[in-house]
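If you count by UniProt numbering, then the sequence shown holds residues 21 to 358, one letter each, in order.
For each residue, glycine too, the CB sits at the ideal point set by N, CA and C.
What follows is a short report on a single structure.
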Amino acid sequence: RASIQKAAVAGGRFFGAAAQIGYINAERDLYDAFIRDCGCLTPEIDLKWATNEPSPGSFDFRAMDGLARFASRTGIRLRGHTPVWHRSIPPWAEGPLADADWRPVGRYIAATLRRFPTVEEWDVVNEPIDTGKRMDGLRESPFLQAFGPGYIQRALEEAREHAPRARLMINEFGLEYDTPEHRDRRYLLLKLVERLKRVEAPLDGVGLQSHLRLGYGPFSQPQFAAFLHELAQFGVAITLTELDVKEEAYAAPAETRDQAVADAVRAYLDVAFAEPRVGGLLCWGLSDRHSWLDLTEEDWSRHAGAWKPGEGPGFNRGAPLDAAMRPKPMYRAILQAF
Ligand code: XIL
21 RASIQKAAVA
31 GGRFFGAAAQ
41 IGYINAERDL
51 YDAFIRDCGC
61 LTPEIDLKWA
71 TNEPSPGSFD
81 FRAMDGLARF
91 ASRTGIRLRG
101 HTPVWHRSIP
111 PWAEGPLADA
121 DWRPVGRYIA
131 ATLRRFPTVE
141 EWDVVNEPID
151 TGKRMDGLRE
161 SPFLQAFGPG
171 YIQRALEEAR
181 EHAPRARLMI
191 NEFGLEYDTP
201 EHRDRRYLLL
211 KLVERLKRVE
221 APLDGVGLQS
231 HLRLGYGPFS
241 QPQFAAFLHE
251 LAQFGVAITL
261 TELDVKEEAY
271 AAPAETRDQA
281 VADAVRAYLD
291 VAFAEPRVGG
301 LLCWGLSDRH
311 SWLDLTEEDW
321 SRHAGAWKPG
331 EGPGFNRGAP
341 LDAAMRPKPM
351 YRAILQAF
């Protein structure tokens with residue numbers, strides 16, 4: 021069968037997906053699909069702070085060690101995700117953060133970046149933007165409250181110290197559509213990149229998570245193209261880091277929804293790949309079998325009466341391969357986009 025990675029390389033880019041070593045080790049068909057289709061992988065949860073440092077200073081890197089071994093054995097490249105993320109702070113670290121004690125944060129950045137020197141690209145800080153109250157558009161996270169806006173630059177500088185050859189990134193979601201919130205987020209992300217570049221923070225790239233949602237209607241091609249062009253002016257690498265699609269179009273039968281997803285993905289990638297600085301694409305999961313999206317189809321069948329067509333949470337079906345590892349229309353859309 022075809023290989024998305026082969027098509028990506030032919031187009032001068034890379035393709036990959038989020039992975040969890042437990043599933044890869046347990047499921048031969050998933051393992052084989054990764055080898056065939058992916059040239060890169062992101063640990064979905066195996067490298068998060070709350071996962072790897074259950075108590076202060078005692079690290080459990082067995083899962084990520086397994087992913088790193090899988091990657092080196094198969095020649096698949098590694099992304100690092102993500103030392104600094106407000107949704108993966110271990111409970112014991114809340115105290116030190118409340119005391120504005122950076123040491124646990126610095127220790128985790130050092131421990132991860134030094135243990136995994138083969139990681140080529142790090143999402144050092146994940147989801148720093150929020151369209152909430154602040155003028156600078158920064159999320160009111162425990163990191164911001166403890167250390168002020170400078171925490172992003174500090175994390176990047178320490179990451180550079182520990183992994184001097186890796187590409188250092190910030191990674192963000194909610195940038196694709198023509199909604200007021202997405203418009204604000206695009207603007208705020210550009211301002212953050214501008215500030216970080218002005219203070220010469222070691223920012224090499226920006227990750228665009230790319231979680232698409234059919235319920236938002238067509239994504240905003242001209243605005244998104246303009247945003248990518250402005251982002252590229254900062255000389256940063258751009259990676260589409262977490263592509264998947266929430267369907268939310270319940271009224272339609274599965275094959276209609278599948279085609280709508282494929283069309284949305286193709287439209288998005290045609291705009292993204294027109295920007296040379298977009299170096300690669302990863303899906304947030306290669307197969308529907310382990311998608312993180314809200315509901316599985318059987319859950320939905322229980323709730324079907326609860327929502328009118330077009331609303332409610334997404335389906336558990338946002339990946340290029342179905343649960344039986346068969347290519348979906350989305351797979352072909354990605355293949356052709358490269
Ligand atoms: C998600 C994982 O997919 C879930 O399994 C986990 O429970 C929570 O985190 N944006 C990100 C990812 O950057 O780290 C998140 O991954 C999905 C949203």
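Query                                                                                                 : Result
Among L133, G31 and W69, the one whose alpha carbon lies nearest that of P184                         : L133
CB-CB length for G255 against A38, believed under 8 Å                                                 : 27 Å between Cβ atoms; not a contact.
Stretch-stretch touch, CB-based, cutoff 8 Å, three pairs: the segment 150-158 with the segment 93-111 : no
W142 Cβ short of 6 Å to ligand 1 heavy atom set                                                       : no
Extent of the continuous beta strand (DSSP E) to which M155 belongs                                   : Premise fails: M155 is in no beta strand (DSSP E) and is neither H nor E.
I72 beta carbon near ligand 1 (any heavy atom closer than 6 Å)                                        : With the sequence shown as reference, residue 72 is identified as Asn, and Ile is not the correct amino acid for it. Because no heavy atom of ligand 1 lies under 6 Å away, the Cβ of N72 does not count as near it: no.
Bounding residues of the alpha helix (DSSP H) (the contiguous stretch that carries E114)              : E114 to A118
Per-residue DSSP class, three states only, for V265                                                   : strand
Close beta carbons around E73, own chain, < 7 Å, minus the five adjacent residues each side           : F79, P110 and Y128
Bridge partners - A39, DSSP secondary structure assignment                                            : P63
Rounded straight-line distance, which links the Cα of E181 to that of K348                            : 43 Å
Beta-carbon proximity check, A292 vs V265, cutoff 7 Å                                                 : no
W312: CB within 6 Å of a non-hydrogen atom of ligand 1                                                : yes
Test: R203 CB closer than 7 Å to a CB of chain B                                                      : The chain labelled as chain B is not found in the depicted structure, where only one protein chain is given.
P45 CB to nearest heavy atom of ligand 1 below 6 Å                                                    : Position check: residue 45 holds Asn in this sequence, whereas Pro was assumed. For ligand 1, not one heavy atom lies less than 6 Å from the Cβ of N45.
Same chain only: Cβ atoms within 7 Å of D198, ignoring 5 sequence neighbours per side                 : S240 and Q243
Contact between the segment 214-227 and the segment 256-263 (3+ Cβ pairs under 8 Å)                   : yes
Same chain, Cβ closer than 7 Å to A88, neighbours up to 5 away in sequence not counted                : L98, F136 and T138
Start and end residues, alpha helix (DSSP H) containing L251                                          : Q241 to A252
Unbroken alpha helix (DSSP H) run spanning R206, endpoints                                            : P200 to R218
Assigned exposure category for A22 - 16 Cβ within 10 Å defines buried                                 : exposed
Closest Cα partner of L164 within the set L212, A131, L341 and H106                                   : H106
CB contact flag (H101, D143, <7 Å)                                                                    : yes
Residues that DSSP places opposite N191 in a beta bridge                                              : N146 and G227
Candidates L232, L209, A245 and P296: closest to E268 by CA position                                  : L232
The alpha helix (DSSP H) enclosing residue 20, as first and last residue numbers                      : No answer is possible for residue 20: it lies beyond the span of the chain, which begins at 21 and ends at 358.
Host beta strand (DSSP E) of P76 (start-end)                                                          : That residue, P76, is in no beta strand (DSSP E); it is neither H nor E in DSSP.
Nearest-angstrom Cα separation, counted from I65 out to T276                                          : 32 Å
Rounded straight-line distance, which links the Cα of A343 to that of S311                            : 9 Å
Burial state of Q229 (16 or more Cβ within 10 Å)                                                      : buried
Spatially closest choice to R263 from V281, L210, P200 and E177, by CA coordinates                    : The sequence given here has Leu at residue 263, not Arg. With distances taken between Cα atoms, L263 lies closest to V281.
Residue environment, R206, which counts as buried when at least 16 other CB atoms sit within 10 Å     : buried
Heavy atom of ligand 1 within 6 Å of E64 beta-carbon                                                  : yes
Residue(s) in a DSSP beta bridge with L98                                                             : L61 and V139
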